[in-house]
Each structure stands twice: as C-alpha cells, then as structure tokens.
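So the sequences go chain by chain: A and B.
Count along the first sequence starting at 1, add 723, and that's the number in the working numbering.
Count along the second sequence starting at 1, add 723, and that's the number in the working numbering.
Report on the structure given below.
2 protein chains.
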Amino acid sequence: MGRKLGRPRAGKELLIREQILATALQIIDGEGIQAMSMRRLAAELGVDPMAIYHHLPNKEAVLVGVTELVFSELRLPAQAEAPWQQQVYAFARAYRELVLAHPNLVLHLISVGTGSPALLAANEVLYAALARTGMPPRRIVQAADLVVDYLNGWALAVGLSQNSKLGAAQGLATLLQQYPPEHYPTLSRIFSNLGEDEHPGSIEEGLAFLLAGIAWIAQGGDGSLAHQQGGLARGESNVPTGGRGDMSFG
Amino acid sequence: MGRKLGRPRAGKELLIREQILATALQIIDGEGIQAMSMRRLAAELGVDPMAIYHHLPNKEAVLVGVTELVFSELRLPAQAEAPWQQQVYAFARAYRELVLAHPNLVLHLISVGTGSPALLAANEVLYAALARTGMPPRRIVQAADLVVDYLNGWALAVGLSQNSKLGAAQGLATLLQQYPPEHYPTLSRIFSNLGEDEHPGSIEEGLAFLLAGIAWIAQGGDGSLAHQQGGLARGESNVPTGGRGDMSFG
DNA sequence: GCCGTCAAGTCTACAGCGTAGATTTTAAGC
DNA sequence: GCTTAAAATCTACGCTGTAGACTTGACGGC
C-alpha cells in the first residue's frame, strides 16, 4: 500500500514551514479565512493533518505566520526628500496594496500585524513623515493614530464588502431605497444628487481631508471649532480638546 | 423524572426571542464572542440547545439580533441648532458609548450593523451635520465615509485591545523597547519624549484633526498639498485628488 | 366536544473542527 | 552501533452548528 510511515529521507521532507504558510495564504485568498481549517490545509498539502503540528504549534501560529508573510511584502519607498504629505500618501498606498491583494486576511492584518517587525519599519516611515510637520510628540502620536485608525477602518470595509462589492456609502444608498424619501430627507437628497461612478476602493479623498486637518493644526490651529465661518469664536469652544476621557453628554 | 416534554402551557413558554438575545449579549459582554456557542447559550437559558432554533433560524441570526439590539440603544441628541462640528462630535460620542459598552461585539457592530434601521437614522444625523458645511454632495459622502471609517478603525482597536488594555501607539511603544534606539530613530525619539498618561480610548484628538480638515476643504481648500508651509505651490501638486483609482507607484 | 394542525421543547445523530497521545520509521549525534 | 530525536501517521476526545424524528399540549374550525 502507499501508506508512508516514519521519518522521510533527508531532503525528502513533505513539509516545510514556508510551504505550509504559502498554501494557507492561497486558501485564504481564494476561499476566505473560514475555509482555512487545519484538515483542509493538510489535504491541500497532501499530508496528514497532524503533520502540520511538527512545524507550527497550532492554528493560531499558522495564521500569525501567514500574516507576517504578507507583511513582509510591505515595501515602502523611503523618499526622505518629499513633502511629508507625499510620504504619508506613500505609507497609505503601500498599506492599501497589501489590503487589496489579500482582502480576506484584513482582520488578521489589523489585529495580529501589530507585532510584526515589518510594521515597525512602516510606522517609522509614518512617524518620520509626521515629525516633519514640526508638531510636538504628543500631536504626532495623535495624528499617527488617526491615520492608522482610518486606514484600518477603510481596510475593514474593503474586507467586509468583498462579497457585495459595495462601499459603505453605496450600501447605505441601497438600504435607503426601502424607505420613503421623507423619512431620511438629508440622506435622500444627497444620494439623489450624486453621480453613479463613485469608486469605494479609493483612499485619496479621505486622506486629503485628513492631511488638510493635520496641516492646519501643525500650522498652529488649535483643533477647536474656532476656524470655521459661523462656528464658535476662539476660546468659547465647548468641545474638549485636551480632556482626559470626559465624554459624558450631561 | 423532571423531564419535560411537549408544548408548554400558554404563557409558560420557556423562551422568547427577547430573552435569548439578551442572554446572548450577556455572554458576549462577559466572556467574549467565542464563548457564545448555541449549547452554552441554551445552558444559560436552562433549555435544550435545539429549542433556540424554534425562535431564531441559526447562530448567525442570533448574532444579528444581538447586534440590532445593541444598535437600538443608539440615541442621538438631535440638536439641529448647534454648529455642524458639534453635531459630528455628538454622532461620534454616541457611537463611542455603544462600542465601549460592548467592546466584544465590535466586529459585528461594524459588519452586521450596516443593515440596521437605527444606523440609518444615525447616518441621517451625520450627513445632515456635514451638509451644513455647504460642501457639494460628493464631498459630503467622502467626508462621511472618512468619519465612519475612522470611527470603525478606532472601535476595532478598542475591541482588539480589550485584553491588553493598550492603545495602538502604546503597543508600538512596548514593541519598540525590544530593539536598539538607532534601529528606529524617529519612533524612539518621539516615544521617549512622550508623557506617560496618554489615554488610548480617546477619540477627541483624532476628530479634532479630522474636523479641521473638513472645515478647511469646506471653506474652499482644494485638498491638495498647497496650503502647507514648505509644501507644494498651488497647482504643482502631483498627488491625485480627484483621480479614479489610479494608485500605482510608477 | 372533537379533531387536525402547528408550536415548543427534547433527544439523537452527523459531519466537521482543533489537537492530545501513541506508534512507526529513519536521520543524525556521540 | 547505539541512542535520541524528528517527521509523518493513526486514533481518539471533546467541542461545534444543526438536521430530523418524537412528544406533548395549545389553538382554530366544525
């Protein structure tokens, strides 16, 4: 019988860590993360399920390994001479490419990725770009958190809308059609006056808003509501800008 | 034996949809979403696992029901007179309260929530606030997407860091200590010049940047890199602002 | 009052999951 | 040459979601 037992000849091992992770990524990219079971992965490798455990301690380790494999593809063009806005754009684009290449892995990219050295390098680029604004460290960290949170939120939306191929706003528009227009007047008005050719995968528009805000505050804007026509005068803002978690309504 | 069979007396039903969802939420809040199995839920209700299926078609329906239950708690103060920035803040705060009250449900709040009528009402508030900036519909949708994506990214970070109680930047700082400072010079410099008392749960600072950017563009800023000292002069920006998905590096 | 239909709950069972433990064979180290 | 350890397999356990059959009692129509 073709039943194989015992340790294989040298160099004839059936499995290596690299192959396991590559195959796992293939399954995830092709059929989603829920299709990636240890048994399925083993079948794909033509091997007993338990064989994998000689190379990786458990399923979580496989997923972490796959995530690090993907993050290792992250390559940033270190253009130290460019304006900081372009550097942030470059950071965002690199992350965007990763997410669009592996949308089914998005959740793990966001959660597991934090521990990856490749991500540290990427953050070095982001922080260096933001440091060139001249803002104090505290503001830089806040701005970086803002950029990262936005990109993660956008990435998650991409990952979730993989099936429906709709952006968040697009899904809202569809849902809206089930109700009479007067029920949600603003939404109805705005979406009826909107062109058809929006592309939800874009990240530029959001970043444009975001970088404008960072630039404003870096220039000396106080982040309050003061610099808006018809807004509050400087000093009478009642939105806490440096508060310590006071979010109550009262 | 205490073995119960058959249809119960009128009014003596052991289960109602409402109780099932409330108990499921209790499990999720207390022990995380992975603890919420149908068997566990049934045990908590003192009932056979299959009994649940007479009230909800499957586990996914339970989770959707729980999500809608939580979203139904979302109540926005409709202060139509306030400046639009404060209205956006109010929207963000309401969402924040929801997330902090049920961090273990974050992923479902983001993904399943889209179909909930309560979320439509919340979006009506957000869009109405942004419409008061005077921006054209296309910009309003972009700004709303930005706000929603940021809040979702922030919420996901809260959900993921529930165990470690660390913010994204805080986790970065910890990871950074494993390497010599000269390896990631900018990160090292910034984090060493940073106070200890950062509170990662805050959303105000990010929103301050974000609203500043929206206000700038609403005032007539073009969203390019032009309005930054030392940046590009107006018109020579090579960052696409109205592009159609052209994200290539070349 | 009676009877068919349906609803609520139980019980059994199945396929799939992650993985612990024992077993077999062979490569590598002393 | 002997010992140790590694690679792969096999079996088995407890867990999961849920399909299907069964029991009992409520309810509507006659």
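In this text, a Cβ means the ideal position worked out from N, Cα and C, and glycines have one as well.
None of these values were measured; they are calculated from a predicted model.
In this structure, the beta-carbon distance from residue 930 of chain A to residue 776 of chain A does not fall below 8 Å. Unbroken alpha helix (DSSP H) runs of no fewer than 4 residues, entirely contained in the region 754-805 of chain A, are found at 761-768, 782-794, following chain order. For residue 935 of chain B, the closest Cβ of chain A is nearer than 8 Å. Excluding residues up to 5 positions away in sequence, 914 lie with their Cβ nearer than 7 Å to the Cβ of residue 896 of chain A in the same chain.
If you draw a straight line from the Cα of residue 932 of chain B to the Cα of residue 852 of chain A, it is about 16 Å long. For residue 797 of chain A, no Cβ of chain B is located within less than 8 Å of the residue's own Cβ.
Among the residues facing chain B, residue 788 of chain A is not included, as its CB has no counterpart in that chain under 8 Å away. Shown here, residue 859 of chain B sits in coil according to DSSP, grouped into three states, outside any helix or strand.
When CB distances to chain A are screened at a threshold of 7 Å, the residues of the region 819-834 of chain B falling below it are 819, 833, 834, in chain order.
Here residue 882 of chain B really is in contact with residue 829 of chain B; their C-beta atoms are around 3 Å apart, less than 8 Å.
In terms of beta-carbon proximity, residue 846 of chain A lines the interface with chain B, with at least one pair separated by less than 8 Å. Beta-carbon to beta-carbon, residue 810 of chain B and residue 848 of chain B are separated by about 7 Å, close enough to satisfy the 8 Å threshold.
Closer than 7 Å at the C-beta level to chain A, one finds these residues of the region 848-873 of chain B: 850, 851, 854, 860, 861, 863, 864, 865, 866, 867, 868, 869, 871, 872, 873.
With contacts defined as CB atoms closer than 8 Å, residue 739 of chain B and residue 815 of chain B fail to qualify as a contacting pair. Between residue 898 of chain A and residue 797 of chain B a beta carbon distance of about 16 Å is seen, past the 8 Å cut, so the two are scored as non-contacting. Residue 854 of chain A places its beta carbon less than 8 Å from that of residue 909 of chain B. Boundaries of the alpha helix (DSSP H) harbouring residue 846 of chain A: 840-854, taken from the DSSP string. As the crow flies, the alpha-carbon of residue 827 of chain A is around 19 Å from that of residue 742 of chain A. A Cβ-Cβ distance of about 6 Å is found for the pair residue 747 of chain A and residue 764 of chain A, placing them in contact under the 8 Å criterion.
With its beta carbon at least 8 Å from every one in chain B, residue 801 of chain A lies outside the interface. In the three-state reduction of the DSSP assignment, residue 834 of chain A falls in the helix class, which pools H, G and I. Restricting attention to A:832, A:918, A:859, the CA atom closest to the CA of residue 756 of chain A is found in A:832.
Residue-level contact by beta carbon fails for residue 756 of chain B and chain A, as no gap is shorter than 8 Å.
Only residues of its own chain outside the window of five on either side were considered, and among them 850, 853, 854 have a CB closer than 7 Å to the CB of residue 863 of chain B, listed in chain order. With a threshold of 8 Å between beta carbons, residue 791 of chain A makes no contact with chain B. The alpha-carbon of residue 874 of chain A is positioned some 15 Å away from that of residue 824 of chain A.
Excluding the 5 residues flanking it on each side, residue 785 of chain A has same chain C-beta neighbours closer than 6 Å at 747, 779, in chain order. Selection A:789, A:773, A:769, A:804 evaluated against residue 749 of chain A yields A:789 as nearest (Cα-Cα). In the three-state reduction of the DSSP assignment, residue 925 of chain A falls in the coil class, being assigned neither a helical nor a strand state. Shown here, residue 751 of chain B sits in a helix according to DSSP, grouped into three states. It is roughly 11 Å from the alpha-carbon of residue 772 of chain B to the alpha-carbon of residue 782 of chain B. At the C-beta level, residue 817 of chain A and residue 792 of chain A stay beyond 8 Å of one another.
Residue contact check for residue 804 of chain B against chain A: no CB pair falls below 8 Å.
Around the beta carbon of residue 819 of chain A, 16 or more other beta carbons lie within 10 angstroms, which makes this residue buried.
Counting only Cβ-Cβ distances below 8 Å, residue 913 of chain A has contacts in chain B at 850, 854, 860, 863, 864, in chain order. Cβ contact annotation for residue 845 of chain A (same chain, cutoff 8 Å, sequence separation greater than five): 797, 799, 814, 817, 818, in chain order.
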